[in-house]
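Numbering (the working numbering), first residue to last: 40 to 219. Report on the following structure.
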Amino acid sequence: MGSIVVANSNPDYAKRIASVLHSSGLYVGGIYTSGAQLIHFANQHYHGGVAVCSVKLRDMSAVGLPRTVGPAFDFLFLVRPQLAGMLGQLESASLLLPIRRMDLISTVNMFLNLADPTPPAIKKKIESGNYDEKKILMQAKNLLMGRNNLTEPQAHRLIQKKSMDTGRKMAETAMIILNG
Numbered sequence: 040m041g042s043i044v045v046a047n048s049n050p051d052y053a054k055r056i057a058s059v060l061h062s063s064g065l066y067v068g069g070i071y072t073s074g075a076q077l078i079h080f081a082n083q084h085y086h087g088g089v090a091v092c093s094v095k096l097r098d099m100s101a102v103g104l105p106r107t108v109g110p111a112f113d114f115l116f117l118v119r120p121q122l123a124g125m126l127g128q129l130e131s132a133s134l135l136l137p138i139r140r141m142d143l144i145s146t147v148n149m150f151l152n153l154a155d156p157t158p159p160a161i162k163k164k165i166e167s168g169n170y171d172e173k174k175i176l177m178q179a180k181n182l183l184m185g186r187n188n189l190t191e192p193q194a195h196r197l198i199q200k201k202s203m204d205t206g207r208k209m210a211e212t213a214m215i216i217l218n219g
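Shown next, in the form of structure tokens:
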């Protein structure tokens with residue numbers, strides 16, 4: 040399982056986010072207020088994980104961090120409504136503030152599940168061929184678009200990228216997203 044890190048310029052808010060994740064059984068490996076701290080953490084935890092991050096950190100804009108940190112970490116940006124116009128520019132999932140607890144937990148779990156081996160029930164369904172690939176892909180894209188503020192091309196690219204990263208079929212990745 041990958042590491043979870045929370046980065047927010049407000050340390051109290053970062054602690055509250057970590058507390059929500061911890062209360063759902065998820066372990067948060069670090070709480071940071073700067074991009075430099077997050078980069079250092081990511082460099083030490085090469086096995087990857089999930090970064091729950093505000094768009095602005097104390098020392099930098101966090102928008103470019105996914106490219107700086109690299110593909111091992113998935114980013115979930117927490118975005119203020121005033122900055123909603125920038126959602127189309129983000130190359131990562133996002134949640135608009137105020138965030139719903141279940142949306143936060145579901146999205147972090149989704150990213151962690153995508154990094155883990157495919158669950159047996161999904162493997163069995165894939166092997167049986169008893170599913171409509173286009174329907175599954177569309178359902179996963181709709182979930183990502185609705186919950187994580189991605190456009191249709193961004194949702195498709197996320198599914199495609201995670202499929203390539205893990206060597207899975209896109210339909211298999213979509214099923215994991217829907218079950219996460």
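Don't be surprised by glycine CBs; every beta carbon is placed ideally from N, CA and C. A quick note: this is a predicted structure, and the numbers were derived from the prediction, not measured.
If residue i sits next to residue j, beta carbons under 8 Å apart, how far is it from one beta carbon to the other, in whole angstroms?
i	j	result
P50	T72	5 Å
L189	A132	6 Å
Using only alpha-carbon positions, find the residue among the options that is nearest to residue i.
i	options	result
L126	L183, G87, Q83, M214	L183
A90	R140, I78, L197	I78
N47	S63, M99, S62, H61	M99
H86	I144, D155, I56	D155
K95	G68, Q83, L115	L115
Would residue i and residue j qualify as a contact pair, given that the criterion is a beta-carbon distance under 9 Å?
i	j	result
H41	G88	Reading off the sequence, residue 41 comes out as Gly, not His. Closer than 9 Å, so yes.
V108	A81	yes
I70	V147	no
E172	A210	yes
For the beta strand (DSSP E) containing residue i, name the first residue and the last one.
i	result
S133	132–135
Y71	69–71
Just reading off the alpha helix (DSSP H) that residue i is part of, what are its end residues?
i	result
D113	Per DSSP, D113 belongs to no alpha helix (DSSP H); it is in the beta strand (DSSP E), 112–118.
I144	140–154
When you compare only the Cα positions, how much space is there between residue i and residue j?
i	j	result
K208	P110	19 Å
E130	S93	14 Å
I56	R140	9 Å
Taking 8 Å as the cut-off, does the CB of residue i come closer than this to any heavy atom belonging to the ligand MG?
i	result
I138	Within the structure as shown, the ligand MG is missing, as the structure has no ligands at all.
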